[in-house]
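Only one structure is covered here, and it is reproduced in the block below.
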Amino acid sequence: MAEIEFELVFALPEGDHDAFDLMDAVFEAGFEDAIVGTGVPGMIGIALEAASDHAEDAILDAARAIRKQLPVGSVLREVRPDLVSLADVAKRLEVTRQSLQKRKMPLPSQGGLFRMEEVAVVIIEAAQGNGAGTRKGRFSVEKAARWLSAGKPARRVNAGLAVGVIDGATLEIREDAKHFLYADNPATDPRNSAGAA
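Each residue of the sequence shown is one higher than the one before, starting from 0 at the first, in numbering that gives the first Met the number 0.
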């Protein structure tokens, strides 16, 4: 069973939305321990933990349950952590950003942000004493494990939202594209192989 810690960001329909009503909506969806952010007008951010056989299902099941309680017209915009800064990672691991900068990190993907799943590999290897350098990292990996595990499924859901495999309003996955969301290697579509007609 995949247990992950992640954030959902929804765009709200136009109009005024009471912050307390939005928080109540999240709690009524069954996420009493969620942290709800309403500081950006027209948006709501929700930090929570969920579990399922597939991490992507944990994200989408939570998003569906919450969306049903939010104002009609709310749309899932983003799942985090997907791209992260070293400061974000350092805070979760209870170390300084500089201690992470001393380690060989993957190349940044966009605007100095790193793909969470690539950073997680480096952190786990360092905590085990493997990878670049011989010193074992003094990271709080146990405390951050659920968050570190959310990078890949968050990226997959975000990609699905971006290309229309997942409908942002209904959160349904297109039937003909489910294998892309759940595949270990989405690039290996049998229809695109050399032997396909």
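Think of the CB as a built atom: it goes at the ideal place given N, C-alpha and C, for glycine as much as any other residue. These figures come from a predicted structure and were not determined experimentally.
Closer than 6 Å by C-beta to residue i: which residues in its own chain qualify, once you throw out the five before and the five after it? Chain order, please.
i      : result
ALA176 : VAL164
PRO12  : PRO70, GLY72
ASP15  : none
ALA119 : LEU147, GLY150
GLU2   : ALA50, ARG145
Exposed or buried, which one is residue i when buried takes at least 16 other CB atoms within 10 Å?
i      : result
ASP23  : exposed
SER148 : buried
PHE5   : buried
ALA86  : exposed
PHE30  : buried
ALA168 : exposed
GLY38  : exposed
GLY41  : exposed
Go to residue i, then tell me how far its beta strand (DSSP E) extends in each direction, as first and last residue.
i      : result
ILE122 : Not the beta strand (DSSP E): ILE122 falls in the alpha helix (DSSP H), residues 115–126.
PHE5   : 1–10
VAL35  : 34–36
Spatial neighbours of residue i within its chain, please: C-beta separation below 7 Å, excluding the five flanking residues on both sides.
i      : result
GLU77  : VAL8, ASN157
SER108 : LEU82, ARG114
VAL74  : PHE9, ALA10, GLY167, ALA168
GLU27  : GLN68
LEU112 : LEU82, VAL83, SER84
Residues in its own chain within less than 8 Å of residue i by CB, not counting five upstream and five downstream?
i      : result
MET0   : ALA50, SER51, ASP52
THR95  : ALA89
GLU116 : GLY150, LYS151, ARG154
So the alpha helix (DSSP H) residue i belongs to, where does it begin and stop?
i      : result
ASP20  : 18–27
LEU180 : 177–181
Entirely within the segment 43–113 and at least 4 residues each: give me those alpha helix (DSSP H) ranges in chain order.
54–68, 85–92, 96–100
Secondary structure, alpha helix (DSSP H): runs of 4+ residues fully inside the segment 132–159:
140–147
Assess contact between the segment 29–46 and the segment 138–148, defined as three or more Cβ pairs (one per stretch) separated by less than 8 Å. Is contact present?
no
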